[in-house]
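Heads up: the structure comes next, in structure tokens.
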Amino acid sequence: MAAQMPEKQSPEKKILRRHLPDTLPDLGSEIPPLLQRLYAARGVQSPEQLSYTLRELASPARMRGVDRAVEVLADAIAQQRSIMILGDFDADGATSTAVAVLGLRMMGAATVDFRVPSRFSDGYGLTPGIIAKLAEDNALPDLMVTVDNGIAAIEGVAEANRQGVRVVVTDHHLAGDRLPDAAAIVNPNQPGCEFLSKCAAGVGVIFYVLTALRRHLSERDLLPAGQQPNLAQLLDLVALGTVADVVPLDHNNRIFVEQGLRRIRQRVARPGILALLEVAGREPDQISATDLGFVIGPRLNAAGRMDDMSVGIRCLLTDDPQEAKSLAQDLDDLNRDRRSIEGQMKKEAESLVAQMQLDGSSLPWGLVLFEPAWHQGVIGILASRIREQTHRPVIAFALNDEKTEIKGSARSIPGLHIRDALALVDSRHPGLLKKFGGHAMAAGMTLAPDDLDTFSRAFDEAVRASIKAEDLEAALVTDGELGDSELTLDTAQLLRRAGPWGQHFPEPSFDGEFEVLTQRIVGAKHLKMVVRPRGSDLAIDAIAFNTGAQVPDYTRLGAKMVFRPDANHFRGQTQLQLLVEYLQPAQQEP
């Protein structure tokens, strides 16, 4: 079963249909008509864009800095220098770290360790403080390799250089006006890089560095005992990090994801990935990209949000299935804790939003929410949940450990570049933001607690200056209606096999108006229905998750639905079930 849907369906959403080109491209006679239409609506113009073999991957040759990075790494391996991987505390950072450690060991690196900054005490990335801690512990490496971070670590790299530590930066985030003075920088989004896929996640970047390193060592007969390490063994990790980081699934990333999924389905993945699927009750041979993002990703991220991402990395690194199961259970427990904390924070946030509307006024265009007891590791998820309910950009704040600053996590809506909005606040109110950064849809910042009210007004003003009122109208984009002949189990299975689907290559969803033959609440808050398309004789199971116990009587009113066909496996039976993403009465109450 795919991921559960968000709880509330307000505000009411417009249903739009995805644009199709005037002339459908010829994708080959073996592609069914439904898939021809779906692929064309997602910009596929040739059969080659649907080929997911490793031969189709973009070459690393055009990746700026990769040759220099390979030279530095090869020298460190030849001289048996100590190498430390500096990761990040999210799933992309964890998988990047695991890929780097495992890949370098495959190629003969004798001493490879890793370090992950604490979200709570260290902050993000390579900082002077991280170098100082390593120096205090007498643990400074000869070479440090950053993964999924480092492009903005000007001061951190400078301090590493002062301590005699060489740094290779591998990252995918946008570069600023200055670059760190590293021994090598590999980042498809740095100035002057002509690499074809600008959408690579951090884990994809380090994988490319390793493939170039393997070729370099192989050509010089420097691999251990004449071996040719099979880096394809790491593609399950690459797939997981790519999906979990929600980077656009361009052709290159779809290859990574499809190849990784194939390994997982064949049960030749890392023991930690298989163990995480087991604790989540998922069968490896049935998983899709959605499961990477909504099943494994949250459990891995829970370590970085609630405790220490080292737990997640050790789960991915271990070769021992029993240790993997134990660590996966720890991660599952952390995720349960995260969900419990998130649930309480969400209730408090909804109360804050309701208070803003008590006098009958409309909500601010930019919502700023804060409670002193909120958990720093969960505010990003909280901002996402409230954004889903209000269709407004949301920033949720929490106190830092010292209670001297408040840290904010922002989530935006289509049409508003959230980092640009923060830059506008900064230009209008210099010094108000202590620091900020991010990209179009997500950002982070810190403030003095006493400046929260001023910032709230300034942020709302910046949002109003950046978007129009219609941008606040929630909309769902679908692939239109399905005919009776397409509302089948075969269609559900076809769509599952037709992926991988993901960011900027969205999983197909459809809309339609249905009679509701029966409805009941299951599991205290999920709406189970039997529905029939208007004018049809079909009767189809459908489920809408997290509706709550109080729902309209759809058997009287009918239902407009946005849904995805799904193959539901239950008690040895497989049948069609519609997963309802959005639901509203087809007619108003009399």
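Residue numbering for the sequence shown follows our numbering, starting at 1008 and increasing by one per position. For each residue, glycine too, the CB sits at the ideal point set by N, CA and C.
Euclidean distance between Cα positions of residue i and residue j
{"i": "Leu1023", "j": "Glu1143", "result": "58 Å"}
{"i": "Met1008", "j": "Asp1573", "result": "Note that Met1008 scores a pLDDT of 40, beneath 50, so its modelled location is shaky and nothing firm can be said."}
{"i": "Phe1377", "j": "Phe1404", "result": "5 Å"}
{"i": "Met1363", "j": "Ala1296", "result": "38 Å"}
{"i": "Ile1435", "j": "Val1216", "result": "Here residue 1435 turns out to be Arg, not Ile, going by the sequence shown. If you take the alpha carbons of Arg1435 and Val1216, they lie about 42 Å apart."}
{"i": "Asp1184", "j": "Leu1141", "result": "28 Å"}
{"i": "Pro1291", "j": "Thr1498", "result": "21 Å"}
{"i": "Ile1320", "j": "Arg1025", "result": "39 Å"}
{"i": "Ile1547", "j": "Pro1513", "result": "24 Å"}
{"i": "Met1012", "j": "Ala1282", "result": "Confidence is the limiting factor: at Met1012 the pLDDT is only 40, short of 50, which leaves the residue's position unreliable and the question unanswerable from this model."}
{"i": "Ile1038", "j": "Ile1388", "result": "38 Å"}
{"i": "Asp1314", "j": "Leu1431", "result": "34 Å"}
{"i": "Ala1010", "j": "Val1587", "result": "Model confidence at Ala1010 stands at a pLDDT of 40, short of 50, so the residue's coordinates are unreliable and nothing is read from them."}
{"i": "Ala1146", "j": "Ala1356", "result": "43 Å"}
{"i": "Arg1069", "j": "His1179", "result": "15 Å"}
{"i": "Gln1016", "j": "Tyr1589", "result": "Residue confidence for Gln1016 is low, a pLDDT of 44 falling below 50, so the modelled location carries little weight; the figure read from the coordinates is stated next. Roughly 7 Å separates the two Cα atoms."}
{"i": "Lys1414", "j": "Gly1506", "result": "37 Å"}
{"i": "Gln1240", "j": "Leu1186", "result": "33 Å"}
{"i": "Tyr1561", "j": "Arg1418", "result": "33 Å"}
{"i": "Ala1476", "j": "Phe1462", "result": "21 Å"}
{"i": "Asp1243", "j": "Leu1370", "result": "44 Å"}
Three-way DSSP call (helix, strand, coil) for residue i in this model
{"i": "Met1313", "result": "helix"}
{"i": "Tyr1131", "result": "coil"}
{"i": "Lys1442", "result": "strand"}
{"i": "Asn1575", "result": "strand"}
{"i": "Pro1592", "result": "strand"}
{"i": "Leu1353", "result": "First, the amino acid is wrong: residue 1353 is Lys here, not Leu. Looking at Lys1353 - three-state DSSP - the assignment turns out to be helix."}
{"i": "Arg1261", "result": "helix"}
{"i": "Leu1494", "result": "coil"}
{"i": "Ala1009", "result": "Any reading at Ala1009 is ruled out, since the residue's pLDDT is 41, under 50, leaving its predicted position unreliable."}
{"i": "Gly1300", "result": "helix"}
{"i": "Pro1437", "result": "coil"}
{"i": "Thr1554", "result": "coil"}
{"i": "Gly1072", "result": "coil"}
{"i": "Arg1169", "result": "helix"}
{"i": "Leu1333", "result": "A small correction: the amino acid at residue 1333 is Ser; Leu does not occupy that position in the sequence shown. Helix."}
{"i": "Val1007", "result": "In the structure as shown, the chain begins at 1008 and stops at 1597. Residue 1007 is therefore absent and cannot be evaluated."}
{"i": "Leu1583", "result": "strand"}
{"i": "Pro1507", "result": "coil"}
{"i": "Leu1534", "result": "strand"}
{"i": "Lys1140", "result": "helix"}
{"i": "Ala1191", "result": "strand"}
CA nearest to the CA of residue i, picked from the options
{"i": "Asp1339", "options": "Leu1479, Pro1371, Glu1285, Lys1441", "result": "Glu1285"}
{"i": "Ile1084", "options": "Met1536, Phe1301, Pro1148, Asp1573", "result": "Pro1148"}
{"i": "Leu1034", "options": "Leu1045, Arg1025, Pro1291, Ser1053", "result": "Ser1053"}
{"i": "Asn1196", "options": "Ala1189, Val1212, Ile1092", "result": "Val1212"}
{"i": "Arg1306", "options": "Arg1277, Arg1392, Asn1342", "result": "Asn1342"}
{"i": "Gln1329", "options": "Arg1277, Asp1188, Phe1301, Ala1356", "result": "Arg1277"}
{"i": "Ala1139", "options": "Asn1168, Ala1182, Val1154", "result": "Asn1168"}
{"i": "Thr1208", "options": "Glu1162, Gly1136, Asp1298, Thr1104", "result": "Reading off the sequence, residue 1208 comes out as Ala, not Thr. Ranking Glu1162, Gly1136, Asp1298, Thr1104 by Cα distance to Ala1208 puts Thr1104 first."}
{"i": "Ala1098", "options": "Leu1247, Asp1228, Ala1117, Ala1182", "result": "Leu1247"}
{"i": "Thr1453", "options": "Ala1101, His1576, Lys1410, Val1174", "result": "Lys1410"}
{"i": "Arg1075", "options": "Gly1110, Val1051, Ala1189", "result": "Ala1189"}
Boundaries (first-last residue) of the alpha helix (DSSP H) holding residue i
{"i": "Arg1394", "result": "1386–1397"}
{"i": "Glu1520", "result": "Not the alpha helix (DSSP H): Glu1520 falls in the beta strand (DSSP E), residues 1517–1529."}
{"i": "Phe1214", "result": "1209–1226"}
{"i": "Phe1466", "result": "1459–1473"}
{"i": "Gly1110", "result": "1098–1113"}
{"i": "Val1558", "result": "Neither: Val1558 is in no alpha helix (DSSP H) and is coded neither H nor E."}
{"i": "Pro1040", "result": "1040–1048"}
{"i": "Ile1649", "result": "Absent from the structure is residue 1649, since the part of the chain shown begins at 1008 and ends at 1597."}
Residue i beta carbon near the ligand COA (any heavy atom closer than 6 Å)
{"i": "Ala1449", "result": "Because no ligand of any kind appears in the structure shown, any question about the ligand COA cannot be addressed here."}
Where the beta strand (DSSP E) containing residue i begins and where it ends
{"i": "Gly1451", "result": "1449–1454"}
{"i": "Ile1402", "result": "1401–1406"}
{"i": "Ile1092", "result": "1089–1093"}
{"i": "Asp1120", "result": "1118–1122"}
{"i": "Leu1150", "result": "1150–1154"}
{"i": "Ala1246", "result": "Careful: Ala1246 lies outside any beta strand (DSSP E), inside the alpha helix (DSSP H) at 1242–1251."}
Presumed contact (8 Å Cβ cut-off) between residue i and residue j, rounded CB distance
{"i": "Trp1372", "j": "Leu1459", "result": "The Cβ separation is near 17 Å, so there is no contact."}
{"i": "Cys1322", "j": "Ala1309", "result": "With a Cβ gap of about 11 Å, Cys1322 and Ala1309 do not count as contacting."}
{"i": "Gly1555", "j": "Lys1532", "result": "5 Å"}
{"i": "Ile1598", "j": "Ala1450", "result": "Residue coverage of the chain in this structure runs from 1008 to 1597, which leaves residue 1598 outside it and unanswerable."}
{"i": "Thr1397", "j": "Leu1374", "result": "6 Å"}
{"i": "Val1210", "j": "Ile1192", "result": "Actually they do not touch by this definition, with Cβ atoms about 17 Å apart."}
{"i": "Val1174", "j": "Val1164", "result": "5 Å"}
{"i": "Phe1127", "j": "Gln1383", "result": "6 Å"}
{"i": "Val1077", "j": "Leu1220", "result": "5 Å"}
{"i": "Ala1549", "j": "Gln1500", "result": "17 Å between Cβ atoms; not a contact."}
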